[in-house]
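What follows is a short report on a single structure.
Residue numbers (the working numbering): 1 to 169.
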């Protein structure tokens, strides 16, 4: 699915807005898990916008397998597991840590794309790392990786004891 060239600027704005909403809501959900809260509405919004940002990423006229396409595919596979753990398995047993780890990875992948796009598109960051191999870019990537490992570990340890009750039909 490719978007027509004439619609690309609008499509790009929509895709970026969805991505930023997914990242912002993802942090709310991640910190909610650290606080041992399910945050049902925020979780649904995070998962929906994260799926949407991955799906809309396939609409750009790109040929071949790019890192962005690979991240989108990986993210969708992970999100399928996260949605299954959250809504079908209701976070029971080992599905709880699987959900937390998967949700954290999905947020991290989206955040990595934000870093890459920021260094490619924003002049202030592009000047610091024009080839994305300079120390500022590497520091941003390493710093975010460490932060997500710490936050994800905290979330796995703290997000306990809440069993979602089945929904009556």
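Heads up, the beta-carbon is just placed ideally off N, CA and C, and yes, glycines get one too.
Secondary structure of residue 110, DSSP reduced to three states: The residue labelled residue 110 in the question sits at position 110 within the chain shown. Three-state result, residue 110: helix.
How many whole angstroms separate the CB atoms of residue 3 and residue 60, which I take to be in contact at a CB cut-off of 8 Å? Walking along the chain shown from the start, residue 3 turns up at place 3. Walking along the chain shown from the start, residue 60 turns up at place 60. Yes, residue 3 and residue 60 are in contact; Cβ-Cβ is about 7 Å, under 8 Å.
Can you say whether residue 110 is buried or exposed, counting buried as having 16 or more other CB atoms within 10 angstroms of its CB? Position 110 of the chain shown, counted from the first residue, corresponds to residue 110. When all chains shown are included, residue 110 counts as buried.
Is residue 21 helix, strand or coil when you go by DSSP? Mapped onto the chain shown, residue 21 falls at position 21. Note: residue 21 maps to helix in three-state DSSP.
Rounding to the nearest angstrom, what Cα-Cα distance links residue 151 and residue 102 in this structure? As a first step, residue 151 is located in the chain shown; it is residue number 151 there, counting from the start. As a first step, residue 102 is located in the chain shown; it is residue number 102 there, counting from the start. Pairing residue 151 with residue 102, the inter-Cα distance amounts to about 13 Å.
Could you tell me which of 68, 90, 6, 76 sits nearest to residue 113, measuring between CA atoms? In the chain shown, counting from the first residue as 1, residue 113 sits at position 113. Nearest of 68, 90, 6, 76 to residue 113, Cα basis: 68.
Return the residue from the list 140, 119, 27 that minimises the CA-CA distance to residue 49. Along the chain shown, one-based indexing puts residue 49 at 49. Closest option to residue 49, judged by alpha-carbon separation, among 140, 119, 27: 27.
Considering only their Cβ atoms, is the gap separating residue 98 from residue 79 smaller than 8 Å? Indexing the chain shown from 1 puts residue 79 at position 79. Indexing the chain shown from 1 puts residue 98 at position 98. No, they are not a contact pair.
Can you tell me whether residue 124 is buried or exposed, with buried defined as 16 or more other CB within 10 angstroms of its CB? As a working mapping, residue 124 is identified with position 124 in the chain shown. By the neighbour-count definition (other C-beta atoms within 10 Å, threshold 16), residue 124 is an exposed residue.
Could you tell me how far apart the beta carbons of residue 158 and residue 34 are, in whole angstroms, since I believe they sit closer than 8 Å? The residue you call residue 158 lines up with position 158 of the chain shown. The residue you call residue 34 lines up with position 34 of the chain shown. Residue 158 to residue 34, Cβ: 5 Å. Contact.
Indicate whether residue 18 and residue 56 have their beta-carbon atoms separated by less than 8 Å. Counting from 1 along the chain shown, the entry for residue 18 is found at position 18. Counting from 1 along the chain shown, the entry for residue 56 is found at position 56. Contact check for residue 18 against residue 56 passes: the beta carbons are separated by less than 8 Å.
Along the chain, where does the alpha helix (DSSP H) that runs through residue 143 open and close? Translated into the one-based positions of the chain shown, residue 143 becomes position 143. Per DSSP, the continuous alpha helix (DSSP H) segment holding residue 143 begins and ends at 135-158.
Span separating the alpha-carbon of residue 44 from that of residue 82: As a first step, residue 44 must be located in the chain shown, where it is residue number 44. As a first step, residue 82 must be located in the chain shown, where it is residue number 82. Whole-angstrom Cα-Cα distance: 11 Å.
Would you identify the three-state DSSP class for residue 28, choosing helix, strand or coil? Translated into positions along the chain shown, residue 28 becomes position 28. Three-state DSSP puts residue 28 in a helix.
Looking at the ligand FMN, does it come within less than 7 Å of residue 16, judged from the CB to the closest heavy atom? Looking at this structure, you won't find the ligand FMN or any other ligand, since it has none at all.
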